[in-house]
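In my numbering, the protein residues as written are 92 to 1026.
Written as structure tokens, this is what we have:
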């Protein structure tokens, strides 16, 4: 099956084509722009970073200025000679000049070999006050410690080197000059040395000290606070998320912007400070640069080499980073700058441009789509109207307004063709509807010819239908005089190509090809309608014949049913006709449609179809012991055996010397008693008299006689009978048997599949006997009235259950759905005591109640039953009135039955003249109309 694609309108198609084009172009331009912008920004960012690194490296170089720091240390090296505090204080201007030449350094320190300590420090740095607790205007702090003293002097000077204060200053706890890192390392080294990070004694800040040993065993140093480096790094954060750090070759962090992440630095036992590592810093991007740091440490010219930026992922985002070597005042004591910038911040401008480009594309799209929609709507106005018209035709709405002409030639041609198609379809459908609505074949042929001539525009037409039907319409003779060139002969063919007839249309001029094609299609539709009606008629005829076949088979199955199945439909239709013709009373407005008549016809013919399941010997049972044969013969043979046995016993007694006369008299008496007993049993078997208690007692007394059986009663029997006889153990032969008995093998069980569930789908509530059959001899002979046992009576009544089940299983069309209800209700009563469903009058349709009257009246008057003669008409009507008064039959319908003379019409056709006695109709109606108690 080919794949189906969704259809869209012209406006949607134009917009759908234009929209992806504009969007695709905009997205492509935006994507290329963003990509190019990212490349440019990436290149520019890398160049900017290169320049920034160079500037930062130069700035750090200028700030640290290691050469100048070493030079200043060498200049003040001669100040480390043994001098007193006052002598060194006199050299304060030289110390101030040294601090001015190295602005990033915080203090100069001198320690001589005699243990004297002299320090000149800035009071303020770039971040504010470095040394707290000093008087206003303080610029320089001078501290001095002489050997053996526990306190030192502390002098404060302003910028003009005027003394502001002079105080005694206690030494820090555990202060030993020779153990200070810058003193100890300087004395061990042969040149300038950089002490590890430690806490300054003069202000408490963290920093490093560049120191130099003097010739006489002392040391000079210059202090560099780490906070100055952190402040310097703060100004070089390119983006808000940039991460910077100055680290040692081993990865210890010296400074970060604003000293962020450094935390509280711990003091080692020898005065050094334990610096955090990159992993401890809490900056994942810098920690990711550790491998590059190791590579940079191994490079000999890391300080002079241009930084190389790399792209890596850390902390869930992309970064750009580099490792940069920094100048150091001490050869070999290198430090490195680690820097990492988030790529999303570096490329923020490109993404902003992408958003702006997308917005611009969207704006262009929003501005151009309405223009395209407007133009496409103007171009497709006629197409839209045609689409609406097509939708109307799809819903068979063919009477709407036409579509206006269009200025576009192709669209206008489509409009003209479309209007012609609509007219053709309208005519075609009108004719199809007429043909489909007509059910009568004769009228169908007439309409077929008439409509074909009209819709084709022919002058006349002829319809020939085998074997001998010929219909003429219009000016056929005049058209024939004009010649045959304007005749169009159309064969009517069935689906299998069989000829159903021929339609000949006569035109004033040769028809155009389009007209010919239309007529051919019309003839094909007509042929289908004609064939369909023929098939429906044939099916109905077949169904009717099949129904009558079943009814005839039921009537022929047993002479006791006679022509019941054929006469009940006639009687039911007579009563239904009377109800439809009633002009007053309860049925004044009653009417039946053609479908209702068909349902009544089928239901009345099939009302006893369930009798096909009823065994003949049950329906035909004329005596109580009759099954497939009358078992009275078996009983007779037992009596004959008893008489023969009595005679044999008598002659034995005589031969043994007994009184012959007395024995023969006793034999005669016994024979007479046995003959009387058998005559009584035979009379009971006929079922003509009510079995009173005394008759039942005599029957029981007769049954107690015994006869001697010497043969196996299980030999030569069927497997089913053998199974029933095996319910009790077999006694040894010979055995004395009762003359009449109810043996276990007489009881035939009802199998589970033969039982009707209480919740059956047909609503059947008729009580079901425990046994399927009970063929006990006493049980059957003791039947109080008639010849049927309770089990056999149920088996006969069961025919209505089978009727309901059989009809309910048939797939009747909707208009015949009531057939099972009509056919299955003729044994129901108005008071709900009928069978098989115990329905009341309100639960049955009028047709079902009519069927009940027809069934009873036919059974009462039937004269073709061998077991009874038909009742006279007066007696049958009297019984009907009694049954109506007792609410077995519908009283209103029976009144209509009497008043309309339905009984008389039926009697004239189906009842023998001998049964048609005088009927007192007035007395019957008076009884029927009287209150129930009075009747």
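The C-beta atom is built at its ideal place from N, Cα and C for all residues, glycine as well.
Pairwise C-alpha distance: residue j and residue i
i: residue 274; j: residue 299; result: 12 Å
i: residue 854; j: residue 893; result: 13 Å
i: residue 609; j: residue 534; result: 23 Å
i: residue 347; j: residue 253; result: 37 Å
i: residue 711; j: residue 824; result: 37 Å
i: residue 606; j: residue 551; result: 15 Å
i: residue 728; j: residue 722; result: 10 Å
i: residue 1019; j: residue 1006; result: 22 Å
i: residue 580; j: residue 627; result: 27 Å
i: residue 960; j: residue 949; result: 12 Å
i: residue 506; j: residue 673; result: 59 Å
i: residue 92; j: residue 556; result: Only weak support exists for where residue 92 lies, its pLDDT of 46 falling under 50; the value from the coordinates is given anyway. Their Cα atoms are separated by approximately 41 Å.
i: residue 578; j: residue 521; result: 24 Å
i: residue 1026; j: residue 985; result: Confidence in residue 1026 is poor, its pLDDT being 47 and thus under 50, which makes the residue's placement unreliable; the coordinate value appears in the next sentence. Taking the straight line from one Cα to the other gives about 16 Å.
i: residue 512; j: residue 518; result: 10 Å
i: residue 848; j: residue 928; result: 13 Å
i: residue 987; j: residue 967; result: 16 Å
i: residue 377; j: residue 338; result: 10 Å
i: residue 119; j: residue 430; result: 35 Å
i: residue 334; j: residue 415; result: 14 Å
i: residue 372; j: residue 285; result: 23 Å
i: residue 69; j: residue 280; result: Outside the modelled stretch of the chain, which goes from 92 to 1026, sits residue 69, for which no answer is possible.
Identity of the residue in the options nearest residue i by Cα
i: residue 977; options: 1021, 776, 206; result: 1021
i: residue 407; options: 400, 388, 374, 390; result: 374
i: residue 635; options: 1013, 711, 657; result: 657
i: residue 806; options: 816, 602, 798; result: 816
i: residue 383; options: 733, 401, 371; result: 401
i: residue 207; options: 184, 951, 175, 585; result: 175
i: residue 304; options: 229, 202, 230; result: 202
i: residue 965; options: 1001, 758, 1014; result: 1014
i: residue 623; options: 602, 585, 641; result: 585
i: residue 379; options: 404, 212, 278, 365; result: 404
i: residue 659; options: 673, 692, 644; result: 692
i: residue 885; options: 870, 917, 862, 593; result: 862
i: residue 843; options: 827, 212, 860, 708; result: 860
i: residue 301; options: 858, 338, 313, 952; result: 313
i: residue 872; options: 786, 435, 734; result: 786
i: residue 841; options: 879, 883, 813, 827; result: 883
i: residue 209; options: 189, 237, 230; result: 237
i: residue 955; options: 192, 655, 734, 783; result: 655
i: residue 427; options: 438, 413, 127; result: 413
Assigned exposure category for residue i - 16 Cβ within 10 Å defines buried
i: residue 458; result: exposed
i: residue 575; result: Only weak support is given to the placement of residue 575: the predicted model assigns it a pLDDT of 48, under 50, and the value that follows is read from those uncertain coordinates. With fewer than 16 other Cβ atoms within 10 Å, it is exposed.
i: residue 540; result: buried
i: residue 240; result: exposed
i: residue 1003; result: exposed
i: residue 570; result: Residue confidence is low: residue 570 scores 48 on pLDDT, short of 50, so the model does not pin down where it sits. Its coordinate-derived value is still stated next. Buried, since its Cβ has 16 or more Cβ neighbours within 10 Å.
i: residue 316; result: buried
i: residue 827; result: exposed
i: residue 246; result: buried
i: residue 640; result: exposed
Continuous alpha helix (DSSP H) stretch holding residue i: start and end
i: residue 430; result: It is not in any alpha helix (DSSP H) - residue 430 instead sits in the beta strand (DSSP E) that spans 426–433.
i: residue 965; result: 964–976
i: residue 840; result: Premise fails: residue 840 lies in the beta strand (DSSP E), 838–840, not in any alpha helix (DSSP H).
i: residue 739; result: 723–746
i: residue 1000; result: 993–1001
i: residue 695; result: 685–697
Span of the beta strand (DSSP E), counted from its first residue to its last, around residue i
i: residue 982; result: From DSSP, residue 982 is part of no beta strand (DSSP E) but of the alpha helix (DSSP H) over 982–990.
i: residue 885; result: No beta strand (DSSP E) contains residue 885, which is instead part of the alpha helix (DSSP H) from 881–900.
i: residue 798; result: 797–800
*Looking at C-beta atoms only, is the number of pairs between the region 672–689 and the region 710–721 that lie closer than 8 Å three or more?*
Touching, no, given that fewer than three Cβ pairs across the two stretches are closer than 8 Å.
*Pair every Cβ in the region 893–905 with every Cβ in the region 863–871, then say whether three or more of these pairs are closer than 8 Å.*
Note that the region 893–905 does not touch the region 863–871; fewer than 3 beta-carbon pairs, one per stretch, sit closer than 8 Å.
*Should the region 829–838 be regarded as contacting the region 793–806, the criterion being three or more beta carbon pairs within less than 8 Å?*
Of all C-beta pairs linking the region 829–838 to the region 793–806, three or more are shorter than 8 Å, placing the two stretches in contact.
*Would you be able to state if there are at least three C-beta pairs under 8 Å between the region 770–778 and the region 799–813?*
Here the region 799–813 makes no contact with the region 770–778; the two share fewer than three CB pairs at distances below 8 Å.
*Would you say the region 909–925 touches the region 636–647, given that touching needs at least three Cβ pairs under 8 Å?*
Using a C-beta cut-off of 8 Å, the region 909–925 makes no contact with the region 636–647, since fewer than three inter-stretch Cβ pairs fall below that distance.
*asked:* Any contact between the region 592–599 and the region 540–549? By contact I mean 3 or more CB pairs, one from each, below 8 Å.
replied: The region 592–599 makes contact with the region 540–549; the number of CB pairs closer than 8 Å reaches 3 or more.
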